[in-house]
Amino acid sequence: MSKPLSDHDRKKQISVRGLAGVENVTELKQSFNRHLHFTLVKDRNVATKRDYYFALANTVREHLIGRWIRTQQYYYEKDPKRVYYISLEFYMGRTLQNTMVNLALENACDEAMYQLGLDMEELEDMEEDAGLGNGGLGRLAGKNHRTIHKSYIQSVETNDRNSPFLFVFSPFPACFLDSMASLGLAAYGYGIRYEFGIFNQKIVNGWQVEEADDWLRFGNPWEKARPEYMRPVHFYGRTEHHPDGVKWVDTQVVLALPYDTPVPGYRNNVVNTMRLWSAKAPCEFNLKDFNVGGYIQAVLDRNLAENISRVLYPNDNFFEGKELRLKQEYFVVSATLQDIIRRFKVSKFGSREIARTDFSKLPDKVAIQLNDTHPAMAIPELMRVLVDEEKLSWEKAWDVCVRTCAYTNHTVLPEALERWPVDLFAHLLPRHLEIVYEINRRHLENVAAKFPGDSDRLRRMSLIEESGQKRINMAHLCIVGSHAVNGVAQIHSDILKATIFKDFYEMEPHKFQNKTNGITPRRWLVMCNPGLAEVIAERIGEDFIRDLDQLQTLRNYLNDEGFIRDIAKVKQENKLKFAVHLEEHYKVKINPNSMFDIQVKRIHEYKRQLLNCLHIITYYNRIKKEPNKHWTPRTVMIGGKAAPGYHTAKMIIRLITAIGEVINNDPVVGDRLKVIFLENYRVTLAERAIPAADLSEQISTAGTEASGTGNMKFMLNGALTIGTMDGANVEMAEEAGEDNFFIFGMRVDDVDALEKKGYHAQEYYNRLPELKQAIDQIAGGFFSPKQPELFKEIVNMLMHHDRFKVFADYEDYIKCQEKVNELYKNPKEWTKMVINNIAGCGKFSSDRTITQYAREIWGVEPTLEKLPAPDKSPL
């Protein structure tokens, strides 16, 4: 008879040991078959492609789970300092293929599906892009990034429904989460689980039409609800001041239900967590109202509570929209801080007993990164928790808060920095308004002590803007309440210090840093462009996937005819594949030997899609004028979404589609020039378009783009860049060599000088005949014969109030495009330039970015060591 097991021995049997899947084709097929039948309750007679996708997703997920559990066990055992990245958006794209790449399962899964008679690409196409991000909406008004503040205030106060929105697009958190896991950091991403994403874009009769992005309608196999960690979030109410502190009472409560998604590192057995909060009404459903016939009101009250996580970026043209937006920002911050503090307190491995109560140690164990101003409420909320609930003195709490929090800025445009009305704050978060006022009082005392008698500086640096409607400047709150403030490209960080944050930099220069953005090479090379990754690996091995600086050695192959040929071959294969996709989805047959000239980004005046349009029209006119000349064939593709309330951006889309309608049907031009608007641009479409691109358009006005990451993705995938010296373009040109970039246009100093001198579009219109011809065609209805005045608004804007100075760069842009055409006629030299660009991409890995954040802001050390596989785990 066997010896009875002790309680300890029994519990040891509950372990991840032995749960690690055997990663071979036979096991994968068996797991796939099991999930199809027992998880989805389907057989081959009724299963759809989506069912097969879910079966495969659950099969791959099995290989994540053991590693996920083991990683969290390891963190609790070692108790490292943890990094918490709070963002209102995570632009994740699809998960299946990325997970297979990071777990080294892709080949085995491909073979398993092939043996089962299924097409892997068809199954991957069943997955919805996660609708968790696409950019913040903030108003744009005023004349430029130096003189915009006053107009911004006026536009908000007058509630101008036609004032354009500005996307502040920060897709980097998705890349950052990948890198954090790949570098072995104990990191967590926190955000909101939006029921509906940004929107799906349809082009109907040339116009953008928005459709709901119901990305969860079929379910999400990658997430796991965690109701045991549900947290209450409070709103409204009032404050009571007592001798022992302040109490926030009579509040309304919304519950935050967390959903966890695993984030695997690259082949290191580390799986971190992205935790997204979903709003739920409290369990106390108003049964009394319901029973007396108040059915609708009872349901409406519940829906109002749950609206917080319903949609990404509600329309804030109205008070209700502003209130909902602020609710979203506080909701994610409150739930996240409760979770962080719970984890900080429960530090004893294998125990849920509170083991840590000394909050002076919080900065030693917790780093909170605020991604833009959207999570700025973390600062007053942390102060509320520490002072009101944990009973720390204000001074101690403030020291802890500042040493714990850090702030990343994503824009040089002041109008994109949030400013919340004080009366809205008082109504929704009365205790936090008191805390913000106290932070501001002490902050201004420090300013006055350092700059005595400078009342204007006090006004500029105040957290509260007093002119017009009183508002709280959330960027100022972030700077004052953080120990580090960083921009996302060197030029961007320099502009912040010299302009909008100049006063703060002069007061506390030690806070300001630069952290140039990066992209993950796993998704943006290995996954989306496997052919190119393979060609590179054949020359320098596979270690570059985790150490992108190794790409520098590709310069040793600049004169290697075989390598040049292989690079060109991969590009042509990607173009042929994308050409098929375009013909299937856009019904346009294009010349795959033409130059693929691509500009994909949100539609906005400062991105200057209009400058691209003017070049297209100019090139079209030249072909029409000399149809027998040998012209470099081009297929110009422009894609991106316009914010629903941004009328000018929607008109820009309509102009692009109208230009395409004329040019694509002109028999004189033929396949020498085609114009395609890429509908519903998103991560999945980017993964097709970017590897096929020959030319990347990065043409924003110098001094307006913070960084950009699309530019880096194109560069890594073998596209050459035509661009201004703006954002990360500056550093990209340095790394690749300016001779390998098509640089044009004004620099930041030139833009400033022109602003001081006065920008007069009419002068360029009168002086440049081809520009005049293009503008006259747009204004005269050449591209809209049925509605001749359709684009008069755009022409009027360009001629009379173009704050981004399109005409000033037109002439240089056209000349630079002529250089592009000439080089494209020489494939060998073009490809050599491509190789130089790829070789210069090392700096733009998100691994490098996160390593700098880790060492210089968070105080943690990355590691390339692998965790033990779950089947080798002692736990």
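The sequence shown runs 1 to 875 under full-length UniProt numbering. Heads up, the beta-carbon is just placed ideally off N, CA and C, and yes, glycines get one too. These numbers come from a predicted model, not from an experiment.
{"query": "Coil, strand or helix - V270 by DSSP", "result": "coil"}
{"query": "N- and C-terminal bounds of the beta strand (DSSP E) containing C405", "result": "C405 to T408"}
{"query": "A839 versus I564: straight-line alpha-carbon distance, rounded", "result": "13 Å"}
{"query": "contact_flag[the stretch 690 to 699, the stretch 495 to 512] where n(CB pairs < 8 Å) is 3 or more", "result": "no"}
{"query": "8 Å Cβ cutoff, P788 in contact with chain B", "result": "No chain B is part of this structure, which consists of one protein chain only."}
{"query": "Distance between A761 and A719 (C-alpha atoms, nearest Å)", "result": "32 Å"}
{"query": "Beta-carbon gap between V233 and R431 smaller than 8 Å", "result": "no"}
{"query": "Distance, C841 Cα to L716 Cα", "result": "6 Å"}
{"query": "The stretch 776 to 787 in contact with the stretch 845 to 855 per 3-pair CB rule at 8 Å", "result": "no"}
{"query": "Bridge-paired residues (DSSP) for V662", "result": "DSSP output for V662 lists no bridge partner at all."}
{"query": "C-alpha gap between R356 and N486, whole angstroms", "result": "31 Å"}
{"query": "The beta strand (DSSP E) enclosing E697, as first and last residue numbers", "result": "L695 to Q698"}
{"query": "Whole-angstrom C-beta distance between F196 and R67, which should lie under 8 Å", "result": "With a Cβ gap of about 31 Å, R67 and F196 do not count as contacting."}
{"query": "Identity of the residue in L429, V683 and A702 nearest R238 by Cα", "result": "L429"}
{"query": "3 or more residues per run - each beta strand (DSSP E) lying fully within the stretch 613 to 643", "result": "634 to 639"}
{"query": "Delimiting residues of the beta strand (DSSP E) encompassing T239", "result": "R238 to H242"}
{"query": "Candidates F176, V447 and L444, of which the one nearest T408 by Cα", "result": "F176"}
{"query": "Assigned secondary structure, G727 (DSSP; H/G/I helix, E/B strand, else coil)", "result": "coil"}
{"query": "Contact check, residue 878 vs R384, beta carbons under 8 Å", "result": "With the chain represented from 1 up to 875, any question about residue 878 goes unanswered, as that position is not in the structure."}
{"query": "Under 8 Å between C-beta atoms of I368 and C405", "result": "yes"}
{"query": "Distance between L216 and I616 (C-alpha atoms, nearest Å)", "result": "39 Å"}
{"query": "For T99, three-class secondary structure by DSSP", "result": "helix"}
{"query": "Alpha-carbon spacing of P870 relative to Y75, whole angstroms", "result": "14 Å"}
{"query": "As assigned by DSSP and simplified to three states, the class of K280", "result": "strand"}
{"query": "Contact belief for I603 with A649 at Cβ below 8 Å, rounded distance in angstroms", "result": "4 Å"}
{"query": "Cα-Cα separation between S707 and V46, rounded to whole angstroms", "result": "49 Å"}
{"query": "Residues that G93 bridges to, as DSSP identifies them", "result": "A130"}
{"query": "Any beta strand (DSSP E) of 3 or more consecutive residues that is wholly inside the stretch 162 to 226", "result": "165 to 168, 187 to 192, 200 to 204 and 207 to 211"}
{"query": "Inter-residue Cα distance where the pair is H374 and R419", "result": "11 Å"}
{"query": "Backbone secondary structure at S594 - three-state DSSP", "result": "coil"}
{"query": "Inter-residue CB distance, T849 and G518 (contact presumed, cutoff 8 Å)", "result": "4 Å"}
{"query": "Contiguous beta strand (DSSP E) assignments of at least 3 residues, all confined to the stretch 339 to 382", "result": "366 to 371"}
{"query": "Option nearest V271 by Cα separation, candidates A693, P80 and L185", "result": "L185"}
{"query": "Selection from E734, N58, F578 and E538 that minimises the alpha carbon distance to G562", "result": "E538"}
{"query": "Cβ neighbours of T516 in the same chain (closer than 8 Å, five flanking residues each side left out)", "result": "V488, A489, Q490, S707, A728, E731, K843, F844 and T849"}
{"query": "Alpha helix (DSSP H) segments (min. 4 residues) lying fully within the stretch 496 to 577", "result": "502 to 507 and 530 to 540"}
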